[in-house]
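What follows is a single structure, written as structure tokens, with notes after it.
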Amino acid sequence: MIYMLEDEEGIRNFVIYALKSSGFEAEGFETPSALREAMDRELPELLLLDRMLPEEDGLTVLKKLRSAPATGKLPVIMLTAKGTELDKVEGLDSGADDYIAKPFGTLELISRIKALLRRTSDAPPGAERLELGGICVYPSKHEVFADGEKVVLTLKEYDLLLMLMRHRGEVFSRESLLREIWGYDFAGESRTVDVHIRTLRHKLGNCGDMIETIRGVGYKAGDESID
Ligand code: CA
14 MIYMLEDEEG IRNFVIYALK SSGFEAEGFE TPSALREAMD RELPELLLLD
64 RMLPEEDGLT VLKKLRSAPA TGKLPVIMLT AKGTELDKVE GLDSGADDYI
114 AKPFGTLELI SRIKALLRRT SDAPPGAERL ELGGICVYPS KHEVFADGEK
164 VVLTLKEYDL LLMLMRHRGE VFSRESLLRE IWGYDFAGES RTVDVHIRTL
214 RHKLGNCGDM IETIRGVGYK AGDESID
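Going by this note's numbering, the first residue of the sequence shown is number 14, and it counts up by one from there.
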């Protein structure tokens, strides 16, 4: 899925149409807030980001994306009418992966998109992949799938899941999870762990059972015997 944030409807429709014709799934957004709403539901594989926008400019949008863990490494191509050398440097400095000046041809755009996706989606050799039952976690991409469906987790839910899956079969007390994941060192807050485990299980749907409660002790991610 490719997202495009571009306030000019004509350009947006044209590019989305070109992307779809080339076999990509694509969705366009007019404002940063509409994009953020969509990002909360599903992260794209790549973002085409216009520079001049309502609400806030593209560079600000980009800086915010780069500072959030889930979108820190999202491939981004900046689009702009201001194709001067200075703008280009500014865009790349602020974390864009590539930069295209308007007006651009769709053939060029699509070949740049493909090149960037190739650069970023080639998992480095030995990229970690953790599997348990129907749950699959790709730590390098911060992605979680349950029964093949992408699952969107909060940072703490994700950290909990990763911790349990990296040590499958091992039982963790609430206190040790609090210490490792929240950095607290006191038992009074252990309910926090229960609350997060509950939402995590819920989001994992049918795969939620893989996280077992060990009565009186804590939690573990199921071992082979229940796969
Ligand atoms: Ca614009």
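Don't be surprised by glycine CBs; every beta carbon is placed ideally from N, CA and C. In this text, all values refer to a predicted model and were calculated from it rather than measured experimentally.
Segment limits, beta strand (DSSP E) that includes Glu-58
First-last for Glu-58: undefined, no H or E at that position.
Please classify Ile-239 as buried or exposed, where buried requires at least 16 other C-beta atoms within 10 Å of its C-beta.
Low per-residue confidence applies at Ile-239: pLDDT is 42, beneath 50, and the placement is therefore not dependable, though the value from the model is reported in the following sentence. Around the beta carbon of Ile-239, a 10 Å sphere encloses fewer than 16 other beta carbons of the protein chains shown; the residue is thus reported as exposed.
Shell residues, 5 Å Cβ cut-off relative to heavy atoms of ligand 1:
Result (chain order): Asp-20, Asp-63, Met-65.
Straight-line CA distance for Tyr-112 to Leu-129?
So the alpha carbons of these two residues sit roughly 11 Å apart.
Meets three-Cβ-pair contact criterion under 8 Å: the stretch 210-227 and the stretch 142-156
As far as the Cβ criterion goes, the stretch 210-227 touches the stretch 142-156, which means the pair count is three or higher.
Rounded separation between Val-74 and Ser-186 - CA only
Using only the alpha carbons, I get a separation of about 40 Å.
Residues bridged to Val-208 [DSSP beta-bridge criterion]
Note: Val-208 sits in no beta bridge, so no partner.
Have a look at Gly-41 and Ser-35 and give me their C-alpha separation to the nearest angstrom.
Each residue's alpha carbon lies about 16 Å from the other.
What do you reckon, are the CB atoms on Leu-217 and Val-164 nearer than 8 Å?
Their beta carbons are under 8 Å apart, which means Leu-217 touches Val-164 by this criterion.
In terms of residue numbering, what span does the alpha helix (DSSP H) encompassing Phe-27 cover?
Annotation: the continuous alpha helix (DSSP H) that includes Phe-27 extends over 22-34.
Taking 7 Å as the cut-off, is the CB of Leu-130 close to at least one heavy atom of ligand 3?
Ligand 3 is absent from the structure shown, which contains only ligand 1.
Just grab the DSSP bridge partners of Met-14 for me.
Residue pairing for Met-14: DSSP places it in no beta bridge.
Secondary structure at Leu-87, three-state DSSP: helix, strand or coil?
DSSP places Leu-87 outside both helix and strand once states are collapsed to three, so it counts as coil.
Ignore the nearest five residues each way along the sequence and tell me which others in Arg-179's own chain have a CB closer than 8 Å to its CB.
Here the set comprises Leu-143.
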